[in-house]
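Count along the sequence shown from 1, add 3, and you get the number used in the working numbering.
Glycine included, C-beta positions come from ideal geometry on N, C-alpha and C.
Here is the structure we will look at, set down as structure tokens.
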Amino acid sequence: MHNVAACARVRAEGFSLVDSGLYREVYYPLYRSVLYILVYLPPMETRNPFPYGRVVTGEDFADREQELEDLIRDLEAGQSILLTSPRRYGKTSLMVEVLRRMGELGHLTALVDLFGCVTPADLAERLVREVVVRHYSRMESLARFLREGLARLRPELTMHPDGTVGLSLRKDVEAVGEEAVLEEVLDAPQALAIRKNKRLVVVLDEFQEVGDLDGRWLLKLIRSKIQHHDSVSYAFTGSKKHVLEQVFADQDGAFYRSARPYGLGRIPPRAFQEHIIERFGATGLSLPDGMVERILSFTEGHPYFTQQLCHEIWNLGTARRTVSEEDFEGAIGLILESQREFYAHIWDGLSGHQRRMLRALAKDETDSPYASDFIKRHRLKSSSHAKRSLGALLEKQLVEKESGTYRVADLFLREWVARSLVV
Ligand SMILES: Nc1ncnc2c1ncn2[C@@H]1O[C@H](COP(=O)(O)OP(=O)(O)O)[C@@H](O)[C@H]1O
Ligand SMILES: [Mg+2]
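What follows is the structure, given as structure tokens:
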């Protein structure tokens, strides 16, 4: 009897604790908020949010809103485009995003990477694979399209263990020759668009490679075919601006006026700034005051080098859970250290005068590299010496000309040379 009363008292006191103001007003709301945060907050990202050296998509992709709007409008209207920029400005990433959005709008899309094509037959195979094979999930429908669309050819199909389909035109090339194969294959995009009753957007990435394949017949053939493709919009992209300009702008050139030129610049500071702060923030890191401005004034908004620098700063900051002022120089040091062998190899491949020219431009970018004061200041002997060396450096893509100014293309190579880290 006594025990029962005691138990009842304990229970009553327990309840009185739960019912107390302290519990209702402090503990319980606190407990609910913690629970809410744990359940509803997205988990903090832990991978490095600044990838570089590969196509960037989704939340890693910064800005380019105006470019996306312009390019999608043109391509939807059937206007082909020629997108040029120096390497690593983000052409491929931009076009992948264009295609993603156009796919969502209901268009067919294909990206054909021409980098590393060695023969016209390589081009033919890549084209059929990306334009045709990828658009058929059923083997029978694919085989039917190939039978009807490429009537003169007998492409060999192979089923890979991962479910993808491989295609080879080797036997056709042996049987009828490269030119005949290309003749047939180049009309496949239009045939596919008509068959599927949709607009098809084809990106021919690194298009300048075609110029190196086999002279002018191939360019002429491509032009003569695609000018009749009214259901296909083409985007030609490339970084060797002078090669592409020759192909497209030259009145005798095979592509004269067939595509609207579009130059891709760097990412404007404000947009990049927002992106960088947001990406650090998404992983729980904030930057010290003035750091983002310092990063962007060093990289001048160059997409690749900005990402590379932020990547290293993020690595340093994450290890200590905070980014400090010193991480800026620390990250540059790490990058220079990791590239040391590569830069030494580049340096070894240059003649004495080319090295002088590279060092001159590393310290002193200029729009008049043949002017006598520039030549005198950097001891470049004569303007004809300067012309020859600069020509070679441009050809190797070690130097770029942008808005009239010559500069070392790789920001960190520039830093390495300017800091006289040469071995
Ligand atoms: N819009 C962007 N946002 C963020 N990073 C970018 C963007 N565009 C390019 N980059 C950076 O530059 C790198 C090179 O981009 P990529 O599309 O391969 O250039 P390109 O095709 O012009 O050589 C990417 O790996 C990425 O680090
Ligand atoms: Mg690219």
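Measure the alpha-carbon distance for residue i versus residue j and round it to whole angstroms.
i	j	result
L337	L299	18 Å
R150	R157	8 Å
L170	V184	14 Å
F258	R219	11 Å
S371	E418	21 Å
I2	S96	Outside the shown range of the chain (4 to 426) lies residue 2, about which nothing can therefore be said.
R260	G81	14 Å
V188	V235	14 Å
L160	V115	19 Å
V7	A285	Confidence in V7 is poor, its pLDDT being 49 and thus under 50, which makes the residue's placement unreliable; the coordinate value appears in the next sentence. Their Cα atoms are separated by approximately 57 Å.
E315	G93	19 Å
R382	A421	16 Å
I349	Q342	11 Å
H388	E281	48 Å
E405	R269	11 Å
V13	V29	With a pLDDT of 44 at V13, under the threshold of 50, the modelled position of that residue is not reliable, and the figure given next carries that caveat. One C-alpha to the other measures close to 23 Å.
V213	R173	19 Å
L126	L117	7 Å
S423	F377	19 Å
L222	F239	12 Å
T49	S144	43 Å
K390	V205	38 Å
R410	E368	5 Å
P164	P271	45 Å
E186	D292	60 Å
F64	P32	39 Å
V295	I225	46 Å
G407	F308	21 Å
A154	S140	21 Å
F283	L290	8 Å
A146	R129	17 Å
H356	S392	7 Å
Just to confirm my understanding: we take residue i, look at its own chain, exclude 5 residues before and 5 after, and list those with CB closer than 8 Å. What are they?
i	result
L288	W317, G320, T321, R324, T325 and V326
M105	I75, L78, E79, T112 and V204
M142	L160, M162 and V168
Would the beta-carbon of residue i be found less than 8 Å away from any heavy atom of ligand 2?
i	result
T60	no
R90	yes
T240	yes
Whole-angstrom Cβ separation of residue i and residue j, contact assumed at under 8 Å?
i	j	result
L401	H305	So it is not a contact: roughly 15 Å between Cβ atoms.
P89	A412	6 Å
D190	K228	6 Å
F53	Q310	5 Å
D66	A274	4 Å
Kindly examine ligand 1 and report whether one of its heavy atoms sits closer than 8 Å to the Cβ of residue i.
i	result
K94	yes
H110	no
T309	yes
F301	no
R461	Residue 461 is absent from the structure shown; the chain starts at 4 and stops at 426.
I270	yes
H278	yes
Y265	no
R57	yes
F64	yes
E114	Residue 114 is actually Leu in this sequence, not Glu. Incorrect: L114 has no Cβ contact closer than 8 Å to ligand 1.
F53	yes
L97	yes
R67	yes
P306	yes
Should residue i be listed as close to ligand 4, given that the test is whether its C-beta is under 8 Å from any heavy atom?
i	result
D208	This structure lacks ligand 4; the ligands present are ligand 1 and ligand 2.
Keeping to the same chain, check which residues put their C-beta closer than 7 Å to that of residue i; ignore five residues upstream and five downstream.
i	result
G241	T87, E209, F210, Q211 and L247
Y346	L416 and W419
E16	Low per-residue confidence applies at E16: pLDDT is 47, beneath 50, and the placement is therefore not dependable, though the value from the model is reported in the following sentence. Hits under 7 Å: none found.
H232	P192 and Q193
A196	L111, R202, L203, S234 and V235
L102	T112, L114, V204 and V206
A365	V411, R417, V420 and A421
S386	Y373 and I378
N51	H314, W317 and N318
E403	P89, R410 and A412
If you drop the 5 nearest sequence neighbours on each side, which residues of the same chain put their C-beta closer than 6 Å to that of residue i?
i	result
L216	P123
C120	L126 and E212
G3	Because the chain is modelled from 4 through 426, residue 3 falls outside the range shown and cannot be assessed.
Worksheet entry | Contact between the segment 99–114 and the segment 189–204 (3+ Cβ pairs under 8 Å) | yes
Practice prompt. Would you check if the segment 63–78 and the segment 261–281 touch, i.e. whether three or more CB-CB distances between them fall below 8 Å?
Written response: yes
Item to complete: Say whether the segment 166–182 touches the segment 57–74, bearing in mind that this needs 3 or more beta-carbon pairs closer than 8 Å, one atom from each stretch.
Response: no
Discussion item. Tell me whether the segment 361–371 and the segment 381–396 touch, counting them as touching only if at least three CB pairs, one residue from each stretch, are closer than 8 Å.
Written reply: yes
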